[in-house]
Amino acid sequence: MKEISRRKLILGGLAATAGVSGLGVAARIAQEYGLIPPDHGGIYGLGETLNYASQRLLTRHSLAREFSRSQISKPPLANEIAPFNEAYKRLQAGGFVDWRLTVDGLVDRPAAFSLAQLKSYPSRSQITMVQCEEGWSYIAEWIGVPLSHVLDLVGVQPHARYVVYFSIEPDWWESIDMADALHPQTFLTYGMNGDELPAGNGGPLRMRVSRQLGYKSVKFITHLTVTDNLKRFGKGLGSASPEGGYAWYAGI
Ligand SMILES: Nc1nc2c(c(=O)[nH]1)N[C@H]1C(S)=C(S)[C@@H](COP(=O)(O)O)O[C@H]1N2
Ligand SMILES: [Mo]
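Mapping of the sequence shown onto my numbering: residues 1 to 252, in sequence order.
Quick look at the structure:
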C-alpha cells in the first residue's frame, strides 16, 4: 500500500511537472529518486530520463508477454549472424568446453562458470519476442538459467546497481539495472526452441532481457560485472548502444 502510494506520488509529480513546467523539473524529481539513466546527457536526455523513470515506477514488476508454442516463429529468422572472430571459432572448434562466463565486480565470490555448470542449475524457459529496433521481430522459446540465480551464487553486494555484460564480439556490451537483472524473465540462455542455442542466435550463451529491445539481448556472452557506477565503462553512457545513438533503456 505504502509502496503504491509513493509511486503514485512520484509519477503524479513527474507527469504534472512535465506538463506544467517542462521536462527539466521532471528530470530533477527523477534524479531525487535515483531514476536517471546513464545516457541522460545526450540530445534526447530529458526524454530518456522521463521514459526510464516512468517505466520503472509503473512496470517494475511486470512481465514481458509470453506466447504459446504454436506462435514460435519459423526459420529462417531475420538476423542470425554468427560471430566470425578467431577467439569464437577456436572455442567452437573445441565444442565450447572451454567457454567461460566470468563474473566479477561488486560480488562476494567472483567466479568463472562453464556451460556445463550453468546447465546444472535449475533450467527455465520462456516463449517471448525478440524485437529489433529496426522493426522486425521473432518469437522463440528461450531456455537457460535466470540471471538472478547466478547472481545469488556469487553474492551481489548491497550497493550494486547495474550488471554490465560483454560479448566475445568486441564492441558488443550492454548493462541493465538491478530491477531488470533480478527480473524472472532475464535469463542466461543456452537453448532455443527445445534445442541447443544456435551460433546465429547467440550460442553458446546469450543474455536474454525480455522487457527490452533486441539489442539488450547480447549474444555470445563471456563476461559480466556488477557495479554501482557505469561511468567507468566505455564512454560512460552505460553501454554500446547510446554510443551509437540508441537509448540505454529500451523498454518495450
Ligand atoms: N553479440 C551481438 N549481440 C547482438 C547483436 C549482435 O550483432 N552481436 N545484435 C543485437 C540486435 S540489434 C538484435 S535485434 C538481436 C537480434 O537477435 P537474433 O540475432 O537472434 O535475431 O540481437 C542483439 N544482440
Ligand atoms: Mo536490432
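Virtual Cβ for every residue (Gly too), placed ideally from N, Cα, C.
Since this is a predicted model, take the numbers as computed values, not measurements.
{"Item": "Residues of its chain near D228, where Cβ-Cβ distance is below 7 Å and the 5 sequence neighbours each way are ignored", "Value": "L106, H159, A160, R161"}
{"Item": "Own chain partners of T189 with C-beta closer than 8 Å, once the 5 adjacent residues on each side are dropped", "Value": "W142, I143, G144, L197, G202, L205, R206, M207, R208"}
{"Item": "M1 to L57 span [Cα, whole Å]", "Value": "Interpretation of M1 is limited by its pLDDT of 41, a score under 50 that renders its predicted location unreliable; the figure taken from the coordinates is listed afterwards. Cα to Cα, the separation comes out at about 14 Å."}
{"Item": "Identity of the residues DSSP links to D177 by a beta bridge", "Value": "Y162"}
{"Item": "Beta-carbon contacts of V20 that lie in its chain and below 7 Å, excluding the five residues immediately before and after", "Value": "The predicted position of V20 is uncertain, since its pLDDT is 46 and thus under 50; a value taken from the coordinates is nonetheless stated next. Answer for V20: no residue qualifies."}
{"Item": "Collapsed DSSP secondary structure at K2 in the structure displayed", "Value": "Any reading at K2 needs caution, since the residue's pLDDT is 47, under 50, leaving its predicted position unreliable; the model's value is listed next. Here K2 sits in helix by DSSP."}
{"Item": "Chain-ordered residues, beta carbon under 6 Å from a heavy atom of ligand 2", "Value": "C132, E133, E134, G214, Y215"}
{"Item": "Meets three-Cβ-pair contact criterion under 8 Å: the stretch 170 to 180 and the stretch 106 to 115", "Value": "no"}
{"Item": "Per-residue DSSP class, three states only, for P242", "Value": "helix"}
{"Item": "Classification of N85 by the beta-carbon crowding that lies within 10 angstroms, buried from 16 upward", "Value": "exposed"}
{"Item": "The stretch 210 to 221 in contact with the stretch 177 to 186 per 3-pair CB rule at 8 Å", "Value": "yes"}
{"Item": "Proximity below 8 Å, CB of V164 to CB of T222", "Value": "no"}
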